[in-house]
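Those sequence lines, one after another, are chains A and G.
In terms of the working numbering, the first sequence opens at residue 18 and continues consecutively.
In terms of the working numbering, the second sequence opens at residue 18 and continues consecutively.
Yeah, the Cβ is synthetic: ideal placement off N, Cα and C, and Gly gets one too.
There are 2 protein chains.
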Amino acid sequence: MTPRACPPAPPVDPTADPDEELARLATAMGHPARIRILRFLLDRRECFAGAIVDHLPLAQSTVSQHLKVLREAGLIRGEVDGLHICYCADEERIRRVGELLDDMVPLAAGDAR
Amino acid sequence: MTPRACPPAPPVDPTADPDEELARLATAMGHPARIRILRFLLDRRECFAGAIVDHLPLAQSTVSQHLKVLREAGLIRGEVDGLHICYCADEERIRRVGELLDDMVPLAAGDAR
DNA sequence: ACCGTTAATCGTAGATGAACGATAAGACAT
DNA sequence: ATGTCTTATCGTTCATCTACGATTAACGGT
């Protein structure tokens, strides 16, 4: 499947500075509820917002705020699908965080060199 | 001066919940100045606080606060060395962030390991 | 056209964060 | 003991975050 699971392409902020970019992404991930949302979306490949609200012990408006934070950081995307909105995680963007980390530390154990 | 570059072992919070742990680490990294401090400490294997203050356009007290945040997250360690304090990055703890990320996403391309 | 459903947004209250100057604590030199 | 240097902490101000209920906008079904 994967016909039109997610919207086209995220704008992706042209921050240019890796430190700023990493800090922005880290800030977006800096809340347990948002990590849980990310994990939830990665488990289910996609789902609409109501399922996320049901999954968290938070009010609908609060979850919507968290979704907005994740969306603005490019970590998730949402597509309007009739009555509700289909969200999915942007795995590429999440891996980008790992990339930025690897640029700082020589990477796990055996590094090149 | 490399015999005991860094303190023994960090306490490491027993958060138990990976989501909480990742969120905590992400929060600690959620500021450009703190990312710059981390990178600075990773470049120089170690250095005392004054060098960090000189390196950033921030007041000494502000830098000290950022150091405290990083220290409490276990991302850096500081050892009293006579008159000043020798800081160093905890690479293992930084890699832990990557680990927690990899537990969420299937990891970049080939997911062996 | 009228509801019910879904999700974003608004408005607000309380907590936390970020920045600074001023002050305090510790180590070293004189 | 006095003074200097280094770093942490205090106290404050302003901004941002988090949470909620209430409201709004858009869509579908009847």
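Please compile the residues from chain G whose C-beta is within a distance smaller than 8 Å of the C-beta of Ala40 (chain A).
For the purposes of this step, residue 40 (chain A) is taken as the residue at position 23 of the first sequence. Met46, Gly47, His48, Pro49, Arg51, Ile52, listed in chain order.
Top-ranked residue by Cα proximity to His72 (chain G), from G:Val114, G:Ile111, G:Leu58
As a first step, residue 72 (chain G) must be located in the second sequence, where it is residue number 55. When only C-alpha atoms are compared, the closest one is G:Leu58.
With a Cβ-Cβ cutoff of 8 Å, do Leu55 (chain A) and Ala66 (chain A) count as a contact?
To locate residue 55 (chain A), count along the first sequence from 1; it is residue 38. To locate residue 66 (chain A), count along the first sequence from 1; it is residue 49. No, the Cβ-Cβ distance between Leu55 (chain A) and Ala66 (chain A) is not below 8 Å.
Where does His48 (chain A) fall in DSSP's three states?
As a working note, residue 48 (chain A) is residue 31 in the first sequence. In the structure shown, His48 (chain A) sits in coil (DSSP, three-state: anything other than H, G, I, E or B).
Please name the residue, chosen from G:Arg113, G:Ala50, G:Cys105, G:Arg112, that lies closest to Ala76 (chain G) on a Cα-to-Cα basis.
Numbered from 1 along the second sequence, position 59 holds the residue referred to as residue 76 (chain G). Here the closest residue by C-alpha is G:Ala50.
How would you call Asp36 (chain G), buried or exposed, if buried means at least 16 neighbouring beta carbons within 10 angstroms?
To locate residue 36 (chain G), count along the second sequence from 1; it is residue 19. The residue is buried, with at least 16 neighbouring Cβ atoms inside 10 Å.
For Ala26 (chain G), name the three-state secondary structure that DSSP assigns.
Position 9 of the second sequence, counted from the start, is the residue given in the question as residue 26 (chain G). The predicted position of Ala26 (chain G) is uncertain, since its pLDDT is 44 and thus under 50; a value taken from the coordinates is nonetheless stated next. Reduced to three states, the DSSP call for Ala26 (chain G) is coil.
May I ask you to list the residues that DSSP assigns as paired with Arg94 (chain A)?
For the purposes of this step, residue 94 (chain A) is taken as residue 77 along the first sequence, with counting starting at 1. DSSP, once it has assigned bridges, lists A:Cys105 as partnering Arg94 (chain A).
In angstroms with no decimal places, state the Cα-to-Cα distance between Pro95 (chain G) and Ile102 (chain G).
By one-based count along the second sequence, residue 95 (chain G) stands at place 78. By one-based count along the second sequence, residue 102 (chain G) stands at place 85. Residue identity check: residue 95 (chain G) is Gly in the sequence provided, not Pro. Near 6 Å, if we compare the C-alpha coordinates of Ile102 (chain G) and Gly95 (chain G).
In the DSSP output, which residue or residues are listed as bridge partners for Phe57 (chain G)?
Looking up residue 57 (chain G) in the second sequence gives position 40. DSSP lists no partner for Phe57 (chain G).
Given this structure, state the Cα-to-Cα distance separating Asp120 (chain G) from Cys64 (chain G), to the nearest angstrom.
As a working mapping, residue 120 (chain G) is identified with position 103 in the second sequence. As a working mapping, residue 64 (chain G) is identified with position 47 in the second sequence. Rounded to the nearest angstrom, the two C-alpha atoms are 33 Å apart.
For a contact meaning CB atoms closer than 7 Å, what does Ala43 (chain A) contact in chain G?
Your numbering for residue 43 (chain A) matches position 26 in the first sequence. Those within 7 Å of Ala43 (chain A) in chain G are Ala43, Met46, Gly47.
C-alpha distance - Ala26 (chain G) paired with Gly99 (chain A), whole-angstrom precision
The count along the second sequence starts at 1 and reaches residue 26 (chain G) at position 9. The count along the first sequence starts at 1 and reaches residue 99 (chain A) at position 82. Its pLDDT being 44, under 50, Ala26 (chain G) is placed unreliably by the model, and the measurement read from it follows with that caveat. The straight-line gap from Cα to Cα measures roughly 54 Å.
Measure the beta-carbon distance from Ala106 (chain A) to Ala43 (chain G) and round it to whole angstroms, keeping in mind my assumption that it falls under 8 Å.
To locate residue 106 (chain A), count along the first sequence from 1; it is residue 89. To locate residue 43 (chain G), count along the second sequence from 1; it is residue 26. With 8 Å as the limit, Ala106 (chain A) and Ala43 (chain G) do not qualify as a contact, their Cβ atoms being about 15 Å apart.
If you measure from the beta carbon of Glu96 (chain A) to each beta carbon in chain G, is any gap under 8 Å?
For this step, residue 96 (chain A) is matched to residue 79 along the first sequence. Answer no: the Cβ-Cβ gap between Glu96 (chain A) and chain G never drops below 8 Å.
Chain A beta carbons: is any one of them nearer than 8 Å to that of Ile111 (chain G)?
As a first step, residue 111 (chain G) must be located in the second sequence, where it is residue number 94. Yes, contact with chain A.
For a contact meaning CB atoms closer than 7 Å, what does Glu108 (chain A) contact in chain G?
Residue numbering aside, residue 108 (chain A) sits at position 91 when the first sequence is read from its first letter. In chain order: Val122.
What residues in the stretch 54 to 86 of chain A bring their beta carbon closer than 7 Å to a beta carbon of chain G?
Leu55, Arg56, Leu59
To the nearest angstrom, report how far apart Arg41 (chain G) and Val114 (chain A) are at their CA atoms.
Locating residue 41 (chain G) in the second sequence gives position 24, counting from the first residue. Locating residue 114 (chain A) in the first sequence gives position 97, counting from the first residue. Looking at the two C-alpha atoms, the distance is approximately 15 Å.
Under 9 Å between beta-carbons, which chain G residues line up against Glu37 (chain A)? List them in chain order, please.
For the purposes of this step, residue 37 (chain A) is identified with residue 20 of the first sequence, where counting begins at 1. Pro49, Ile52, listed in chain order.
Around the Cβ of Ala33 (chain G), are there at least 16 other Cβ atoms within 10 angstroms (buried) or fewer (exposed)?
Position 16 of the second sequence, counted from the start, is the residue given in the question as residue 33 (chain G). Exposed, since its Cβ has fewer than 16 Cβ neighbours within 10 Å.
Compute the distance between the beta-carbons of Glu97 (chain G) and Glu108 (chain A), then report whether it is under 8 Å.
Taking the second sequence and counting its residues from 1, the one referred to as residue 97 (chain G) is at position 80. Taking the first sequence and counting its residues from 1, the one referred to as residue 108 (chain A) is at position 91. Checking the sequence, you will find Val at residue 97 (chain G) rather than Glu. Not in contact: Val97 (chain G) and Glu108 (chain A) (Cβ atoms no closer than 8 Å).
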